[in-house]
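Engineer: I'd like to ask some things about the structure below.
Chains as they are written, first to last, in the working numbering: chain C, 17 to 668; chain F, 17 to 668.
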């Protein structure tokens, strides 16, 4: 029998008989692995795990741990959902049923007279699990277009017939498990037995093919898991995510608000949110000053010409907030969508020498970008936001060093804010792709220098990296930080981008050591990304229990009764003078009630004062989430407070 | 002979024979006063000092010290200029010749063939002084329209004839001094002898009656004084003002720049200017936090609806930066011209009780207002600027107290920045004017309360005040601070305004102690006015020698030679850590040159380091404008520096 060579992701090559399946490859490694293989990637294409491999190939086995493995699992679960629905609700017509990021859905049209809602979820889940336990194989079958049409015509599934219209004969496949057959190009898990837990989440109306003139189908959202435990964990996570939603906490903690009169997607920062935001800014400003950055301030508009030079007008003009006309002279201005063109103009405000470089210009610059109102979401998708922006103008030789310094800064910021789990995605050119190869601007040697520098620096800094070839912008390579929050959700926060283009477009120059004119390189970078997005992620990450140095209300002074209001006020003043923020609860309430309310507000320190404290000039200290810390002098508390913050910011 | 009663400004009443002139009244007080009287104000109207008074009257004698006295003096000087021109350049035709804020001008048409320019100034000045020495009286003559027409027809003065067309017979007067007669309603100084010094400043083209289709006349600007000494002082002042021009210093000290690509009137703040600006902000922020303000952040745009509610759209919409359209949904947004509507929306973000008031919302809010490009001037007239804005929402009973606190804050700010000479202009309603009386909105009792409160508080704070009846806005009374800079020029800086209107338009409410809904009062206030204008005025006031705590470059470290660069760098790092800003001059230049360059940059402290200093771990300190302070340890210098700033900010 003929053998084929299978190359595994670790680079090892193994021989197998021709026609071997991915499952068999898994089995050759371990029985345990075989039980976990959901599908495989054969030469970059996703295949059923039981599909025979007939030639040498690169094979990657996919399990639940792989995003693509999950996706196959959920896609197969959508077929199972359809099977269950067909069993429970005969004559249901099926639209499409894809996997999505957090599970899967199926768009269906129930037969007339059927009402379907949350009350029916349990029945469907039960039926799905019943069918799953049958361990029916998902069987792939190539089918002619005619046969496919006649199958769905007989079944009366007009949506599938419509989908068939767009498909080419000879490239059509059916997948069958148990009693259900679907038009599907795959791939799928080996059998339904892998699905151990399912949960229908909700339903929504969805127009067939998104066309509002067509029929509205019922979209059923669901999620499934290979273990019951995982479903339970997921539901807990969902519950927790709901509690941590920054829109909910933002309202409860009075951080920000929106107003219809101001406009959607334009946050109004309330005093407490502003305090938090200003402290974050102060923190980064300080670190930046130390790192040799200089602050600048630029206007929020720029003439249309500025964006013609930068290329933004041509590329994004039509989809932006539209130009602002002036009354008499009819000049044209744009709301600034980014700060770089303004900073280029500052660079140009005087002649520069290589001795002036690197020049690091920083600005907490508020920019405005149009988003459709339907796309807006809390602080994570807005129409106006403040970037913690900076542009480093340097010589090509300085890119490596500057990149390293920016990474240090980003790591410092993440450390100070408790983000310890992140990866760095490095986006490089794809020089093997002839289509892309020609779009990159800038000298090849400069690109190589920058790409090597990024890879080298990332390694030196011990970053966990993912390299994406072909993901570089046409103007330069970049590195993005993908941060995992406390719930394990991924967020793109900091970004560092090398740019060869803008300095050319703006004709930036410096006189080199050789006395010749040269064009500088520009590095764009934002450790937070934007204040809005960062605060949203931070809020959800710490569930509103902000680190002490950021908490808008750090202390609550709780007098036991009105008799101690004067003493409490003196204490409040002392703390104010020491820049310790918070409030004095002078309400006529029981102390227990005051403590409970301060706990709800997530105030880190509660200072209880009564007769004993007044006499001893002391405070009784309670820490949020920890309880009683006992009594201490006012000065001792200030010391304790300041030390804690020092510790927090030193740790990094 | 019949007597009349003359009431003087101090309230005293004196008897004089009917037909007494103001000069005689002055003489009755003192001969010296008589020599200084230029004109007088009789029952509020300006009269020639030698015009007989025939009935009881209130009389105020005007001298050079009064703005109105100066104005009469310069108007008479314009007649003298015309007389001189007529003597030197026969057949010159005359347009108009008024007094202006800084002197006077005359628009003239020279006879064909005459060229006139700076080279001719000395001749004209000489002729004017020659004529002045003749002490010719300015003689008033009432004249019929016919006689006036025939006079100017004969003279061929077609511009005067055109002016006559608009005048009513019986109300026409001529003034004559020496050989020159002008159509003029007066008033004038007694005789040309008062004019002791004249200076022609420059010429400009000026269309007759501002109509570009008419002939362009030559406008000759000039200034005159009752003493030669005063002219000399004035010329020194002019020279000094040129040196202090914030546009010039802003460029030299690298504070800010403009870029055509960004747009006219839109300043780009360079690193040094930004540092200065941020320190000013930090300073005010700190004072405001202490005074119970809370910071907020709001977007730079707002929906058109927001400005329809506020009334800005109707009033200023057509003259503003025009609305911003969104691509798909075609919503309309405006660049915000002020922050108050946004702050009203924040007020509305939750229900308010009288216990929450006063609520003081502060924001360094950047606003955009369209100005014609020709009107723009450095940082004092711009299209985008940052207000040190705050809005105090309070009950009517709290207005007095809040007003007092705002005045305290403004006085603190002025004190810290060395503005010691200012007056407070209080703008009230004019209830005697029936036209204006009905435009004021809000309850009469609230207005009275606020007006009385402002007057009372201003008095209590010992402010020098000027009350302007009828100058209140229709929405409330206000107080503006008019500050005199080091050159004696007046600038309007801080403002405090009471507003009854906006809270009503936005339907703001609070629940009062009576459990009923009430509308709060709003106080707008800005101690600086705007960051841009304030920094412009401050720069000119201190000629770029900013107070130590504001100087963008506080120290310059000047190593005597390269051998001491390491030591200098260590010193630099120490100072950086102590938040002392400046630079290290490592150029290969002589120490004298380095000192001179640092002096030009107006760096307050120069720290010279050489062998002696390195060995003793010390610095030799030179202070800008004071010279050598001797040598001291590094720590002693840090101490000296910090003490100086503490002293500066404490003094207030």
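Even for Gly, the Cβ is constructed at its ideal location relative to N, Cα and C.
Does any CB atom of chain C fall closer than 8 Å to the CB of residue 310 of chain F?
Structural biologist: With 8 Å as the cut-off, residue 310 of chain F counts as an interface residue toward chain C.
Engineer: Examine the Cβ distances between the stretch 126-140 of chain C and the stretch 162-172 of chain C and report whether three or more of them are shorter than 8 Å.
Structural biologist: Cβ pair count under 8 Å is below three, so no.
Engineer: Just to confirm, are residue 308 of chain C and residue 426 of chain C a CB contact at a threshold of 8 Å?
Structural biologist: Not a contact, by the Cβ cut-off of 8 Å.
Engineer: Can you pull the chain C residues whose beta carbon is under 8 Å from the beta carbon of residue 287 of chain F, in chain order?
Structural biologist: Within chain C, the residues near residue 287 of chain F are 310, 311, 312 and 377.
Engineer: Alpha carbon to alpha carbon, how far is residue 155 of chain C from residue 95 of chain C? Give it in angstroms, no decimals.
Structural biologist: Rounded to the nearest angstrom, the two C-alpha atoms are 12 Å apart.
Engineer: Please name the residue, chosen from C/600, C/333 and C/424, that lies closest to residue 475 of chain C on a Cα-to-Cα basis.
Structural biologist: Per the Cα distances, C/424.
Engineer: Let me know the secondary structure DSSP gives residue 92 of chain F once reduced to three states.
Structural biologist: Helix, per DSSP.
Engineer: What separation, rounded to the nearest whole angstrom, lies between the Cα atoms of residue 704 of chain C and residue 110 of chain C?
Structural biologist: Within the shown structure, residues of chain C are numbered from 17 to 668, placing residue 704 of chain C beyond reach of any answer.
Engineer: Taking only runs that begin and end inside the stretch 19-45 of chain F, name each unbroken beta strand (DSSP E) of 3 or more residues, in chain order.
Structural biologist: If we require 3 residues or more, the beta strand (DSSP E) runs fully inside the stretch 19-45 of chain F come out as 19-23 and 29-33.
Engineer: So, helix, strand or coil for residue 478 of chain C, using DSSP?
Structural biologist: Residue 478 of chain C falls in the coil class under three-state DSSP.
Engineer: Under three-state DSSP, which class holds residue 668 of chain F?
Structural biologist: A caution first: residue 668 of chain F carries a pLDDT of 45, below 50, which makes its placement in the model unreliable, though a value can still be read off. In this structure, residue 668 of chain F counts as coil in the three-state DSSP scheme.
Engineer: What distance in whole Å lies between the Cβ atoms of residue 416 of chain F and residue 472 of chain F, which are believed to be in contact at a cut-off of 8 Å?
Structural biologist: Between residue 416 of chain F and residue 472 of chain F the Cβ distance is about 7 Å, and since that is below 8 Å, they are a contact.
Engineer: Under a three-way DSSP split, which group does residue 87 of chain F fall into?
Structural biologist: Of the three classes helix, strand and coil, the one that applies to residue 87 of chain F here is helix, per DSSP.
Engineer: Pick helix, strand or coil for residue 531 of chain F, following the three-state DSSP scheme.
Structural biologist: Residue 531 of chain F: coil per DSSP, three-state reduction.
Engineer: For a contact meaning CB atoms closer than 7 Å, what does residue 334 of chain F contact in chain C?
Structural biologist: Near residue 334 of chain F (Cβ distances below 7 Å), the residues of chain C are 343.
Engineer: Quick one: Cα of residue 240 of chain F to Cα of residue 224 of chain F, how far?
Structural biologist: Whole-angstrom Cα-Cα distance: 25 Å.
Engineer: On the CB-based measure, 16 or more other CB atoms within 10 Å of its CB, does residue 414 of chain C come out buried or exposed?
Structural biologist: Counting Cβ neighbours within 10 Å, residue 414 of chain C comes out buried, since at least 16 surround it.
Engineer: Starting from the N-terminal side, write out each stretch of the alpha helix (DSSP H) that is 4 residues or longer and does not extend beyond the stretch 540-580 of chain F.
Structural biologist: Taking only runs of at least 4 residues, the alpha helix (DSSP H) segments lying wholly in the stretch 540-580 of chain F are 547-557.
Engineer: According to the Cβ coordinates, are residue 637 of chain F and residue 650 of chain F closer than 8 Å?
Structural biologist: No, the Cβ-Cβ distance between residue 637 of chain F and residue 650 of chain F is not below 8 Å.
Engineer: In terms of residue numbering, what span does the beta strand (DSSP E) encompassing residue 644 of chain C cover?
Structural biologist: Looking at the DSSP string, the run of the beta strand (DSSP E) that includes residue 644 of chain C is 643-649.
Engineer: For a cutoff of 8 Å on Cβ pairs, would you count residue 588 of chain F as touching chain C?
Structural biologist: Judged by the 8 Å Cβ criterion, residue 588 of chain F is not in contact with chain C.
Engineer: Would the stretch 48-59 of chain F and the stretch 171-189 of chain F be scored as touching if the rule is three or more Cβ pairs under 8 Å?
Structural biologist: Cβ pair count under 8 Å is below three, so no.
Engineer: So which residues of chain C does residue 400 of chain F contact, with C-beta pairs closer than 8 Å?
Structural biologist: Under the 8 Å cutoff, chain C gives 315, 316 and 317.
Engineer: Which residue marks the beginning of the alpha helix (DSSP H) containing residue 360 of chain C, and which one marks its end?
Structural biologist: 356-363 is the extent of the alpha helix (DSSP H) around residue 360 of chain C.
Engineer: Please specify which runs of the beta strand (DSSP E), each continuous and at least 3 residues long, are wholly inside the stretch 377-414 of chain F, giving them in chain order.
Structural biologist: The qualifying runs are 400-410.
Engineer: Per DSSP, what are the beta-bridge partners of residue 49 of chain F in this structure?
Structural biologist: Residue 49 of chain F pairs with nothing; no bridge assigned.
Engineer: Please classify residue 393 of chain C as buried or exposed, where buried requires at least 16 neighbouring CB atoms within 10 angstroms.
Structural biologist: Looking at its Cβ environment, which holds fewer than 16 other Cβ atoms inside 10 Å, residue 393 of chain C is exposed.
Engineer: Once DSSP output is grouped into helix, strand and coil, what is the label at residue 215 of chain C?
Structural biologist: Note: residue 215 of chain C maps to strand in three-state DSSP.
Engineer: 8 Å is my cut-off, CB to CB: does residue 279 of chain F come that close to chain C?
Structural biologist: For residue 279 of chain F, the answer is yes, since a Cβ of chain C falls inside 8 Å of its Cβ.
Engineer: Apart from the five residues just before and just after residue 550 of chain F, which ones in its own chain have a Cβ nearer than 6 Å to its Cβ?
Structural biologist: The residues are 544.
Engineer: If the cut is a Cβ gap below 7 Å, which residues of chain C does residue 321 of chain F touch?
Structural biologist: Those are 277, listed as they occur along chain C.
Engineer: Residues in its own chain within less than 6 Å of residue 63 of chain F by CB, not counting five upstream and five downstream?
Structural biologist: Same-chain partners within the cutoff: 56 and 203.
Engineer: Considering only the alpha carbon of each residue, which of F/108, F/98 and F/38 lies closest to residue 76 of chain F?
Structural biologist: It is F/38.
Engineer: In chain order, what are the residue ranges of uninterrupted alpha helix (DSSP H) at least 4 long that sit wholly in the stretch 124-211 of chain C?
Structural biologist: Here the runs fully enclosed are 137-148, 161-171 and 174-181.
Engineer: Going by C-alpha distance, which of C/369, C/235, C/359 and C/208 is nearest residue 220 of chain C?
Structural biologist: Among C/369, C/235, C/359 and C/208, the Cα nearest to that of residue 220 of chain C belongs to C/235.
Engineer: Kindly indicate the opening and closing residues of the alpha helix (DSSP H) around residue 329 of chain C.
Structural biologist: Residues 328-332.
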